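Here is the structure we will look at.
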Amino acid sequence: MDSTNVLLASSSAGLKMGSREVRKNQTLLCAPIMAETVDKMVINMDTAKQSGADLVEIRLDSLKSFNPYEDLKTLIKECPLPTLFTYRPKWEGGQYDGDEKKRLDALRLAMEFGADYIDVELQVAHEFNESIFGKKPEKFKVIVSSHNYHDTPSVEDLGNLVARIQETGADIVKIATTALEISDVARIFQITVHSQVSSVPIIAIVMGERGFISRILCPKFGGFLSFGTIESGVVSAPGQPTMKDLLTLYNFREIGPDTKVFGIIGKPVGHSKSPILYNEAFKSVGFNGVYVPFLVDDVAKFLQTYSSIDFAGFSCTIPHKEDALKCCDEVDPVAKSIGAVNCIIRRPTDGKMFGYNTDYVGAISAIEDGLRGSHNISATADSPLAGKLFVVIGAGGAGKALAYGAKEKGARVVIANRTYDRARELANTIGGDAVTLADLENFHPVDGMILANTTSIGMQPKVDETPIPKHALRFYSLVFDAVYTPKITRLLREAEESGATIVSGSEMFIGQAYEQFERFTELPAPKQLFRKIMAKF
Numbered sequence: 235m236d237s238t239n240v241l242l243a244s245s246s247a248g249l250k251m252g253s254r255e256v257r258k259n260q261t262l263l264c265a266p267i268m269a270e271t272v273d274k275m276v277i278n279m280d281t282a283k284q285s286g287a288d289l290v291e292i293r294l295d296s297l298k299s300f301n302p303y304e305d306l307k308t309l310i311k312e313c314p315l316p317t318l319f320t321y322r323p324k325w326e327g328g329q330y331d332g333d334e335k336k337r338l339d340a341l342r343l344a345m346e347f348g349a350d351y352i353d354v355e356l357q358v359a360h361e362f363n364e365s366i367f368g369k370k371p372e373k374f375k376v377i378v379s380s381h382n383y384h385d386t387p388s389v390e391d392l393g394n395l396v397a398r399i400q401e402t403g404a405d406i407v408k409i410a411t412t413a414l415e416i417s418d419v420a421r422i423f424q425i426t427v428h429s430q431v432s433s434v435p436i437i438a439i440v441m442g443e444r445g446f447i448s449r450i451l452c453p454k455f456g457g458f459l460s461f462g463t464i465e466s467g468v469v470s471a472p473g474q475p476t477m478k479d480l481l482t483l484y485n486f487r488e489i490g491p492d493t494k495v496f497g498i499i500g501k502p503v504g505h506s507k508s509p510i511l512y513n514e515a516f517k518s519v520g521f522n523g524v525y526v527p528f529l530v531d532d533v534a535k536f537l538q539t540y541s542s543i544d545f546a547g548f549s550c551t552i553p554h555k556e557d558a559l560k561c562c563d564e565v566d567p568v569a570k571s572i573g574a575v576n577c578i579i580r581r582p583t584d585g586k587m588f589g590y591n592t593d594y595v596g597a598i599s600a601i602e603d604g605l606r607g608s609h610n611i612s613a614t615a616d617s618p619l620a621g622k623l624f625v626v627i628g629a630g631g632a633g634k635a636l637a638y639g640a641k642e643k644g645a646r647v648v649i650a651n652r653t654y655d656r657a658r659e660l661a662n663t664i665g666g667d668a669v670t671l672a673d674l675e676n677f678h679p680v681d682g683m684i685l686a687n688t689t690s691i692g693m694q695p696k697v698d699e700t701p702i703p704k705h706a707l708r709f710y711s712l713v714f715d716a717v718y719t720p721k722i723t724r725l726l727r728e729a730e731e732s733g734a735t736i737v738s739g740s741e742m743f744i745g746q747a748y749e750q751f752e753r754f755t756e757l758p759a760p761k762q763l764f765r766k767i768m769a770k771f
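The sequence shown begins at 235 in my numbering and counts up by one.
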């Protein structure tokens with residue numbers, strides 16, 4: 235069932251909640267406070283306020299010692315923000331392993347002392363809500379939560395779960411599930427919108443790296459709050475972003491029901507600098523879009539699931555460039571010749587997907603500039619690649635793009651790949667030769683060859699890897715590496731030590747990004763800003 239079109243069309247209702255600032259959404263940002271001592275919690279609360287949080291979740295189960303009467307008074311009195319108290323037991327993924335009555339008594343005490351919110355688990359919610367019936371302070375709210383650390387149920391099961399939580403007398407519903415694949419998140423978006431339409435405030439989060447987009451995009455669909463950590467790596471649930479990233483990288487406050495969603499489709503995607511580049515560029519030109527990382531296992535299923543025109547454009551990276559081409563309704567002739575796309579645009583009028591390849595332009599231009607610079611060749615002359623032997627490592631999408639681009643410029647192309655058959659297949663397609671990756675160690679038909687690595691060998695975290703031994707690099711006049719994290723890979727470092735001109739993958743990245751930005755926004759790319767951003771890495 236593809237529900238995303240329905241849910242996006244209905245996502246403009248918006249929760250009617252108070253707000254202290256002008257923003258495009260009313261979704262609150264909550265900082266989880268986990269510490270072993272009350273003193274440390276108090277310090278972290280101040281940090282949370284400074285980082286831009288709207289409220290804090292005080293995780294009582296993280297305290298090493300806890301005196302409810304004294305500590306709750308201190309925490310509420312010292313907190314500069316509204317408070318949400320959670321005392322999570324082990325049976326719901328928390329750290330508390332003691333007496334249930336004492337746990338619930340502490341939460342009731344927090345309510346009496348002036349807490350703004352309490353989180354209780356669905357399993358004990360009926361009992362808890364009955365015990366405070368008639369005693370609730372006017373502005374106090376009970377969040378009833380359910381956590382699923384295994385998977386994300388069907389839309390029907392999620393709907394039933396929300397209904398069960400509502401029946402307990404919950405003021406706010408919270409469901410947290412686990413993403414086995416990124417398509418799972420669409421069901422949570424649908425439930426968020428449906429709950430919103432029926433005026434039920436809902437916190438709906440999908441845990442894990444594949445669920446990461448649920449935390450960024452929840453304001454688009456009207457979620458009550460999202461969680462952001464005050465420091466990197468200290469999380470209360472898998473996949474939480476930092477408060478800083480939510481506010482400054484993803485421009486969380488600017489995401490509204492009409493915000494267009496763009497992103498990078500890949501596996502892995504955690505290393506990508508694309509979200510930093512595009513989000514800053516969107517902000518600089520006042521474009522209402524957000525760019526997120528999509529960790530995708532099955533690209534066809536992903537594009538089918540997120541078929542709404544609000545999911546307006548995608549960058550494609552390893553390993554999906556070839557499969558993504560098959561999913562497009564129309565493909566640019568150059569991309570068709572290459573056999574891979576790195577950019578998909580969804581047409582707003584009918585949702586049809588158009589595939590492009592901007593990889594080869596950025597990479598080939600950067601390599602030509604490198605050759606011209608090292609040989610003082612005029613930019614108006616024919617391509618310095620003409621007649622050169624151009625060795626491409628890798629026969630995937632990026633390899634195809636570079637092989638095509640080099641051939642177009644008059645180079646003689648050799649494809650090197652771990653498996654010879656794939657190298658031969660690409661070589662036959664573009665009219666070149668093929669060797670295995672192992673053959674490159676002793677490959678030396680001429681001096682002054684060009685080498686282009688288009689594989690992920692040497693990419694973070696495996697920065698000690700290189701596709702070719704150092705001694706073989708002396709036969710190349712220029713070496714290009716499509717990997718741009720790190721900027722100078724082991725391959726580039728050793729190539730430079732061997733006397734070759736080197737060209738970093740960041741040059742290819744910037745070149746292809748210009749064209750993608752213009753296709754995404756129909757605005758001129760802020761080229762100086764792109765270079766300024768990439769210079770930081």
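Ideal placement from N, C-alpha and C gives every residue a C-beta, glycine not left out. If you're wondering where the values come from, they're calculated on a predicted model, not measured in any experiment.
Asked	Found
Residues bridged to Cys550 [DSSP beta-bridge criterion]	Ile499
Contact set for Lys408: own chain, Cβ-Cβ below 6 Å, skip 5 residues either direction	Ile377, Ser379, Ile437
According to DSSP, residues forming a beta bridge with Val358	In DSSP, Val358 forms no bridge with anything.
For Lys324, the nearest candidate out of Thr271, Leu294, Ser388, Lys258 (CA to CA)	Leu294
Where the beta strand (DSSP E) containing His428 begins and where it ends	Element bounds for His428: not the beta strand (DSSP E) but the alpha helix (DSSP H), 418-431.
Beta-bridge pairing of Asp353 - partner residues as DSSP gives them	Thr320, Ile377
Straight-line gap, Ile649 to Phe446 (C-alpha atoms, nearest Å)	37 Å
Leu459 - partner residues in DSSP beta bridges	Leu262
Exposure of Pro720, with buried meaning 16 or more beta-carbon neighbours within 10 Å	buried
Given 8 Å, three or more beta-carbon pairs between the region 737-744 and the region 702-718	yes
Helix, strand or coil at Leu483 according to DSSP, with G and I counted as helix	helix
Length of the line joining the Cα atoms of Ser466 and Gln474	9 Å
Alpha carbon of Glu255 to alpha carbon of Lys283, nearest angstrom	In this predicted model, Glu255 has a pLDDT of only 48, less than 50, meaning its place in the structure is not dependable; the value taken from the coordinates is given anyway. Computed Cα separation, rounded: 14 Å.
Where Asp698 falls, given that 16 or more other Cβ within 10 Å makes a residue buried	exposed
Whether Thr735 touches Gly604 by CB criterion (8 Å)	yes
The region 572-589 / the region 615-626 touching (three or more Cβ pairs under 8 Å)	no
Start-end ranges of the beta strand (DSSP E) lying completely within the region 639-671, minimum 3 residues	646-651, 667-670
Own chain partners of Val737 with C-beta closer than 6 Å, once the 5 adjacent residues on each side are dropped	Ala600, Ile601, Gly604, Phe714
Cβ-Cβ distance between Ala782 and Ala672 below 8 Å	Outside the modelled stretch of the chain, which goes from 235 to 771, sits residue 782, for which no answer is possible.
Beta-carbon spacing of Ile510, Phe458 below 8 Å	no
The region 258-272 contacting the region 475-490, beta-carbon criterion three pairs below 8 Å	yes
Residue from Met477, His360, Gln424, Arg658 whose Cα sits closest to the Cα of Pro266	Met477
Burial state of Ala729, where buried means 16 or more other Cβ atoms lie within 10 Å	buried
Contact the region 310-328 vs the region 348-361: 3+ CB pairs below 8 Å	yes
Under the three-state DSSP convention, the category Glu255 falls into	Legend: pLDDT at Glu255 = 48, less than 50; position of this residue unreliable, value from coordinates given subsequently. Note: Glu255 maps to coil in three-state DSSP.
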